[in-house]
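Chemist:
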Amino acid sequence: MKETRYIFAIKEAMEEEMDRDENVFLIGEDVGLAGGSFGASKGLYEKFGPERVVDTPISELGFTSLAAGAASCGLRPIVEIMFMDFVTCAMDSIVNQIAKMRYMFGNQYTVPVVVRMPEGGGLNAGPQHSQCLEAWFAHVPGLKVVMAATPHDVKGLLKASIRDDNPVIFIENKTLHAMKGMAADAEDDVVLPLGKADVKLQGSDVTIVTASRMVHESLKAAKILEQEGISAEVVDLMTIQPWDRQTVFESVAKTHRLVVAHEAVKQFGFGAEIAAAAAEEIMDELDAPIMRVGAPFAPASYSLEKYYVPSADNVVSAVKSTLERTL
Amino acid sequence: MSRPSKEMLTEFYTMMVRIRKVEEMLMEVFSRGEIPGFLHVSIGQEAAPTAVCAHLNANDCISTTHRGHGWAVAKGIEIRRAMAELFGKREGFCLGRSGSMHLADAGIGIMGANGIVGGGIPIAAGAAFAAQYKKTDHVAVATFGEGATGEGAFHEAMNFAAIRRLPMVFVCENNGWAEFSPKSVHMPVESVTSRALAYDIPAVSVSNKVVEIYEAAGEAVRRARKGEGPSLLEIRCDRWYGHYVGDAQKYRGKERVEEAMAKDCIADFEAELIKGKVIRRKDLDRIQAEVGAEVEDAVNFARQCTYPDVSEMLEGLYV
Numbered sequence: 001m002k003e004t005r006y007i008f009a010i011k012e013a014m015e016e017e018m019d020r021d022e023n024v025f026l027i028g029e030d031v032g033l034a035g036g037s038f039g040a041s042k043g044l045y046e047k048f049g050p051e052r053v054v055d056t057p058i059s060e061l062g063f064t065s066l067a068a069g070a071a072s073c074g075l076r077p078i079v080e081i082m083f084m085d086f087v088t089c090a091m092d093s094i095v096n097q098i099a100k101m102r103y104m105f106g107n108q109y110t111v112p113v114v115v116r117m118p119e120g121g122g123l124n125a126g127p128q129h130s131q132c133l134e135a136w137f138a139h140v141p142g143l144k145v146v147m148a149a150t151p152h153d154v155k156g157l158l159k160a161s162i163r164d165d166n167p168v169i170f171i172e173n174k175t176l177h178a179m180k181g182m183a184a185d186a187e188d189d190v191v192l193p194l195g196k197a198d199v200k201l202q203g204s205d206v207t208i209v210t211a212s213r214m215v216h217e218s219l220k221a222a223k224i225l226e227q228e229g230i231s232a233e234v235v236d237l238m239t240i241q242p243w244d245r246q247t248v249f250e251s252v253a254k255t256h257r258l259v260v261a262h263e264a265v266k267q268f269g270f271g272a273e274i275a276a277a278a279a280e281e282i283m284d285e286l287d288a289p290i291m292r293v294g295a296p297f298a299p300a301s302y303s304l305e306k307y308y309v310p311s312a313d314n315v316v317s318a319v320k321s322t323l324e325r326t327l
Numbered sequence: 001m002s003r004p005s006k007e008m009l010t011e012f013y014t015m016m017v018r019i020r021k022v023e024e025m026l027m028e029v030f031s032r033g034e035i036p037g038f039l040h041v042s043i044g045q046e047a048a049p050t051a052v053c054a055h056l057n058a059n060d061c062i063s064t065t066h067r068g069h070g071w072a073v074a075k076g077i078e079i080r081r082a083m084a085e086l087f088g089k090r091e092g093f094c095l096g097r098s099g100s101m102h103l104a105d106a107g108i109g110i111m112g113a114n115g116i117v118g119g120g121i122p123i124a125a126g127a128a129f130a131a132q133y134k135k136t137d138h139v140a141v142a143t144f145g146e147g148a149t150g151e152g153a154f155h156e157a158m159n160f161a162a163i164r165r166l167p168m169v170f171v172c173e174n175n176g177w178a179e180f181s182p183k184s185v186h187m188p189v190e191s192v193t194s195r196a197l198a199y200d201i202p203a204v205s206v207s208n209k210v211v212e213i214y215e216a217a218g219e220a221v222r223r224a225r226k227g228e229g230p231s232l233l234e235i236r237c238d239r240w241y242g243h244y245v246g247d248a249q250k251y252r253g254k255e256r257v258e259e260a261m262a263k264d265c266i267a268d269f270e271a272e273l274i275k276g277k278v279i280r281r282k283d284l285d286r287i288q289a290e291v292g293a294e295v296e297d298a299v300n301f302a303r304q305c306t307y308p309d310v311s312e313m314l315e316g317l318y319v
């Protein structure tokens with residue numbers, strides 16, 4: 001293990017996988033000569049050349065579908081979408097093509113495409129550069145959706161995603177890019193399992209299910225709550241689709257209270273799915289209504305962003321709210 | 001490029017008849033309710049797939065369209081299993097999941113028909129990218145109608161293919177209709193070749209004659225295989241029937257339909273073959289009968305196949 005930053009851990013994961021498998025290549029806007037618009041591929045162009053670190057025109061649909069075709073022919077593309085908001089231009093490619101190619105063609109093809117993209121607010125980048133759209137992809141059969149919260153996790157999950165034979169939507173968070181933390185060395189080749197959550201903090205009074213940046217806000221909230229004698233368990237889903245029901249339900253069976261926290265707009269976010277599944281399957285374990293934390297139902301405002309993006313305070317309020325109530 | 005041999009001309013004829021008879025049979029079984037869903041036939045457009053696929057082998061990939069039966073047949077799909085697919089049976093290439101609109105055979109590079117207009121064009125570019133990446137001499141062919149050239153997918157694929165000199169051929173069947181709309185309302189240029197100019201991609205436009213298309217396609221495929229980059233080939237053809245089978249074509253008018261149906265690439269070719277003494281009438285009749293029997297056999301096979309069970313619904317969704 002060594003200390004690194006989240007953005008470097010992404011680079012290391014890609015580099016190690018490209019070293020391991022010559023069919024892995026990176027494609028996207030500014031990924032080559034420029035080293036990635038957030039620097040995720042710095043040095044890869046120099047090391048692997050323009051054949052494997054492929055700069056593209058500004059054409060998300062075109063290069064994402066191109067990756068689908070290349071994957072059908074045995075390659076393993078990593079597509080970088082500069083901001084998650086821009087993936088909307090590639091929705092035909094991801095939803096109609098990539099997600100369905102295996103199933104609709106009767107399992108003749110495997111389409112191991114990883115589409116990486118950073119989401120979230122924090123840069124005052126406004127309505128078209130701040131969205132969290134993971135729930136859209138989690139709603140589409142055929143895709144996996146991964147969200148990583150730490151340098152260690154982003155590296156291990158990205159390596160797993162690249163090796164997975166299914167298409168994976170790999171969601172980073174812009175405010176985490178600079179985050180420092182430990183990550184595995186190349187020799188250790190740590191590959192984290194997809195579909196497995198990680199309990200980031202053990203607790204007994206309430207379960208907070210979360211992912212990506214909100215893992216850190218939830219941990220901050222747990223600290224605040226601890227001072228008031230409330231013990232929160234923080235479950236980092238890491239994979240949104242398929243999500244780890246077992247870990248979540250076991251945690252709720254222990255704490256009997258559930259809060260789901262994500263940065264995305266609260267309405268129809270992944271929290272709704274988890275809350276609904278808990279209500280359907282483990283209602284008898286719950287002592288209080290399930291609470292959700294998410295952004296207001298509005299686009300991210302350039303000037304009001306700090307009130308828009310959910311924080312630890314929102315998690316604290318949600319936890320207190322569920323603790324004050326009973327079923 | 002040398003003129004096609006007598007044997008090849010006979011093969012062209014046989015293939016065109018095969019495509020025609022497959023689609024006529026599909027129309028028949030579709031109207032009898034034996035196959036569900038949507039059916040888009042390409043009757044009148046048999047020359048293009050026949051001529052282009054004559055230059056391709058099993059390692060070369062094609063992406064096709066909702067009107068793509070002809071391309072699958074010309075690329076060599078096994079008619080029996082293709083028919084089973086259209087009947088929705090599990091013996092079909094796609095386990096009965098695709099039907100007409102997504103017919104694919106990975107074994108011979110048929111990357112799938114696409115229900116999204118233009119959707120397959122960048123996917124074919126991806127196959128060309130893979131061929132270049134692996135340093136093979138395989139080529140990819142994207143087939144589409146002129147209606148698809150309004151889509152961003154077409155332009156994005158052309159742009160990238162030109163920049164990277166991908167080994168591919170863009171084949172546009174310009175039949176003058178984008179679903180229910182004539183060219184006058186969806187295309188400001190007369191020919192799709194004008195669009196290729198913007199990407200510095202060599203482009204030719206040919207009429208709906210199989211030999212003419214074969215020669216033009218030969219040059220385009222040769223360029224791709226030699227690493228000289230992409231080309232665009234436009235075939236000016238006519239769609240005999242509506243957008244889908246059952247389309248009353250009120251938007252088109254009887255005269256225009258009759259005008260289109262008066263142009264028959266198979267009948268014209270047949271006349272040429274007879275006139276040039278390439279083949280005798282009775283041999284043409286024999287081919288017709290043989291192909292007819294082959295198609296009949298395929299339908300009977302499909303009828304006897306089995307529907308997938310509901311328990312197979314989720315099978316293979318994830319690897």
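First to last, the protein sequences are chains C and X.
First residue of the first sequence? That's 1 in the numbering used here, and the numbers climb one at a time after it.
First residue of the second sequence? That's 1 in the numbering used here, and the numbers climb one at a time after it.
The beta carbon of each residue, even a glycine, is placed where N, CA and C say it ideally should be.
#1: Quick check on DSSP: helix, strand or coil for residue 30 of chain X?
#2: Quick one: grab the DSSP three-state call for residue 262 of chain C.
#3: Quick one, which residues of the stretch 86-114 of chain C are near chain X if we go by CB-CB under 9 Å, in chain order?
#4: Would you kindly check if the distance between the Cβ of residue 213 of chain C and the Cβ of residue 260 of chain C is under 8 Å?
#5: What's the C-alpha gap between residue 271 of chain X and residue 187 of chain X?
#6: How would you list, in chain order, the residues of chain C whose beta-carbon sits under 8 Å from the beta-carbon of residue 98 of chain X?
#7: Rounded to whole angstroms, what is the Cα-Cα separation between residue 104 of chain X and residue 259 of chain X?
#8: By the criterion of Cβ-Cβ separation under 8 Å, what are the contact partners of residue 57 of chain C in chain X?
#9: Are the beta-carbon atoms belonging to residue 232 of chain C and residue 258 of chain C less than 8 Å from one another?
#10: Give me the Cβ distance between residue 124 of chain X and residue 69 of chain C, rounded to the nearest whole Å; I'm assuming they're in contact under 8 Å.
#11: The alpha helix (DSSP H) that contains residue 28 of chain C, what's its start and end?
#12: Please report whether the beta-carbon of residue 124 of chain C lies at a distance below 8 Å from any beta-carbon of chain X.
#13: Could you work out which residues of chain C lie near residue 307 of chain X, taking near to mean beta carbons separated by less than 7 Å?
#14: Give the DSSP bridge partners of residue 76 of chain C, in chain order.
#15: Would you check if the stretch 40-53 of chain X and the stretch 238-245 of chain X touch, i.e. whether three or more CB-CB distances between them fall below 8 Å?
#16: Check the Cβ of residue 67 of chain C against every Cβ in chain X and list those closer than 7 Å, keeping chain order.
#17: Since residue 81 of chain X and residue 92 of chain X are thought to touch, with beta carbons under 8 Å apart, how far apart are those beta carbons, to the nearest angstrom?
#18: Determine whether the Cβ of residue 116 of chain X lies closer than 8 Å to any Cβ atom of chain C.
#19: How would you list, in chain order, the residues of chain X whose beta-carbon sits under 9 Å from the beta-carbon of residue 72 of chain C?
#20: Name the chain C residues that come within less than 8 Å of residue 93 of chain X, Cβ to Cβ?
#21: How about residue 198 of chain X: is its C-beta nearer than 8 Å to some C-beta of chain C?
#22: Pick from C:284, C:146 and C:222: whose alpha carbon is nearest that of residue 244 of chain C?
#23: Across which residues does DSSP place residue 233 of chain X in a beta bridge pair?
#24: Please identify, using Cβ separations under 8 Å, the residues of the stretch 21-41 of chain X that lie next to chain C, in order along the chain.
#25: Which residues bound the alpha helix (DSSP H) around residue 46 of chain C?
#26: Tell me which same chain residues have a C-beta within less than 8 Å of the C-beta of residue 144 of chain X, skipping the five on either side of it?
#27: Please list the terminal residues of the continuous alpha helix (DSSP H) segment that includes residue 272 of chain C.
#28: Note down, in chain order, all residues in the stretch 125-156 of chain C with a beta-carbon under 9 Å from any beta-carbon belonging to chain X.
#29: What does the alpha-carbon distance come out to for the pair residue 225 of chain C and residue 302 of chain C?
#30: Classify residue 95 of chain X: buried if its beta carbon has 16 or more other beta carbons within 10 angstroms, exposed otherwise.
#31: Any C-beta of chain X sitting closer than 8 Å to the C-beta of residue 51 of chain C?
#32: Thinking C-beta only, is residue 116 of chain C closer than 8 Å to residue 60 of chain C?
#33: Mind listing the chain X neighbours of residue 63 of chain C? Cutoff is C-beta to C-beta under 8 Å, in chain order.
#34: Answer yes or no: does any C-beta atom of chain C fall closer than 8 Å to that of residue 153 of chain X?
#35: Report the three-state DSSP secondary structure of residue 93 of chain X (helix, strand or coil).
#36: What would DSSP say about residue 315 of chain C, mapped onto helix, strand or coil?
Modeler: Taking the coordinates as given:
#1: helix
#2: strand
#3: 89, 92, 93, 96, 97, 100, 101, 102, 103, 104, 105, 106, 107, 108, 109, 110 and 112
#4: no
#5: 34 Å
#6: 104, 105 and 106
#7: 33 Å
#8: 156, 159, 160 and 163
#9: no
#10: 6 Å
#11: Element bounds for residue 28 of chain C: not the alpha helix (DSSP H) but the beta strand (DSSP E), 24-28.
#12: no
#13: Those do not exist, as residue 307 of chain X stays about 14 Å from chain C at its closest Cβ, beyond 7 Å.
#14: C:24
#15: yes
#16: 126
#17: 6 Å
#18: yes
#19: 61, 106, 111, 112, 123, 126, 127 and 130
#20: 105, 106 and 108
#21: no
#22: C:146
#23: X:171 and X:204
#24: none
#25: 44-48
#26: 65, 117, 118, 120, 121, 154, 170, 171, 172 and 173
#27: 270-281
#28: 141, 142 and 144
#29: 31 Å
#30: buried
#31: yes
#32: no
#33: 122, 156 and 160
#34: yes
#35: coil
#36: helix
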